[in-house]
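Quick note: the sequence shown, position 227, residue 227 per UniProt numbering, numbers continuous.
Ideal Cβ positions, reconstructed from N, Cα and C, are used throughout, including at glycine.
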Amino acid sequence: MSPGEDVLFWVLAPLMVLVSFGLLVARKAVHVAICMVFVMIGFAVLYIALEAPFLGVVQIVVYTGAVMMLFLFVLMLVGVDASSSLVETIRGQRWIGVILALGLGVILSGVVVQTVFPPAVGLAEANSVTNPVGLARVLMSDYVLAMEVVGIVLITAAVSALVLTHKRRLTPARGQKEIADAKVAALPQGGRLTPLAAPGVYAQNNAMDTPALDPQGRPIAESVSRVLRIRGQQREATDVLLGEHGLVERTSTVAEPEGSAPDGEER
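Encoded structure:
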C-alpha cells in the first residue's frame, strides 16, 4: 500500500468501527440503517483505493442502493414498535451475545496480530484486461463451485421469505359486480353508492385535515382520513363554517324570490 492508501485506511477504518458500534447500540431501526449505509460506503471507498473499482461500484449499487432501500421500505410498510423491540424474547440473550462477540473479537485479534502480510503479487497480471474481466475469470474458473453454492443459498432465502410472508385470504376476492351489489345492500343501513368527497371540497381551503362540505354547507366527517380523526387532528366544523368570508351566514340564509313577502303579509 502506498502512503496515501495508508492514510485513507487509518482515517476510514476507525470511523467505520465507531459507526459499527453505533449500529449495535442504536435503538431506532432508521439509525441502524444509516450506520449500515456509512459502513458500506466506507468499504466501497477502500475497494476503489485498492484498485478494485468494480467491487467498489457493486458495493454502492447493490448493497447501499438496493438492499438498504429495500430495508427502509420494509420499515416504512411494516413499522417497528419501540416498546416491543426492546423486550428480550429469550431471557439473558443480550449478555450471551456480548460474551460471544468478545470471544470472537479476541480470536480475530490474535489471528491478525500473528499474521504477516507479504507484499501483493500477481495483481498486474490478473487485472491486465481490466478489473471486472479479471474478477470474472477468477470467480467463474477457480471459485465456480462456491459461486453456485452462494446462488443456491440466496435463492433458498428468497423462496423462504416468500413462504413465510404468504398469507391466505380470509375472504374470497370480490369483483366489481360484487362490490356494487354490496353497496346497494348497505343503503338501508346508511351506506353510500358514490365515493365520498375529497377533503376540503366546497370548503374554505383544501387541507387534508379540513372536512368536505356538502352542497348545503354541512361538513362530511368521513372525508377526512380515519387516522387524523382518531388522533384528533382534524379541524372542527365550526372552524370550517366560520371562515374568512362568513360561510355560515351565506349557507344558512335562503334567498327569497323576487316579489315575495314575509309570512302573514299580502303581496
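N-terminal and C-terminal residue of the alpha helix (DSSP H) that residue i is part of
i    : result
L108 : 93-114
D181 : 176-185
Y63  : Segment: none, Y63 is in no alpha helix (DSSP H) and carries neither H nor E.
T210 : Per DSSP, T210 belongs to no alpha helix (DSSP H) and is neither H nor E.
A161 : 144-165
Simplified DSSP assignment, three categories, for residue i
i    : result
L8   : helix
P195 : coil
P172 : coil
P53  : helix
P188 : helix
P219 : strand
G42  : helix
L137 : The question names Leu, but residue 137 in the sequence shown is Arg. The answer is helix: DSSP assigns R137 an H, G or I state.
A26  : coil
V224 : coil
P132 : helix
P119 : coil
S2   : coil
R235 : coil
With 16 other Cβ atoms within 10 Å as the buried cut-off, status of residue i
i    : result
M69  : exposed
Y143 : exposed
V113 : exposed
T210 : buried
S160 : exposed
E244 : With a pLDDT of 45 at E244, under the threshold of 50, the modelled position of that residue is not reliable, and the figure given next carries that caveat. Counting Cβ neighbours within 10 Å, E244 comes out exposed, since fewer than 16 surround it.
G246 : Reliability fails at G246, whose pLDDT of 47 lies under 50, so the model's placement of it is uncertain and no value is given.
G42  : buried
Q59  : buried
V37  : buried
R235 : buried
M16  : buried
A158 : exposed
A180 : exposed
A52  : buried
Under 7 Å between C-beta atoms of residue i and residue j
i    : j    : result
A49  : L8   : yes
F54  : L135 : yes
V45  : S20  : no
P199 : V224 : yes
A63  : G56  : The sequence given here places Tyr at residue 63; Ala does not occur at that position. Not a contact, by the Cβ cut-off of 7 Å.
G190 : K183 : no
A212 : I220 : yes
A33  : F71  : yes
L75  : A29  : yes
Contact test: residue i Cβ vs the ligand MG heavy atom, cutoff 6 Å
i   : result
K28 : Only the bare structure without any ligand can be found here, which leaves the ligand MG out of the picture.
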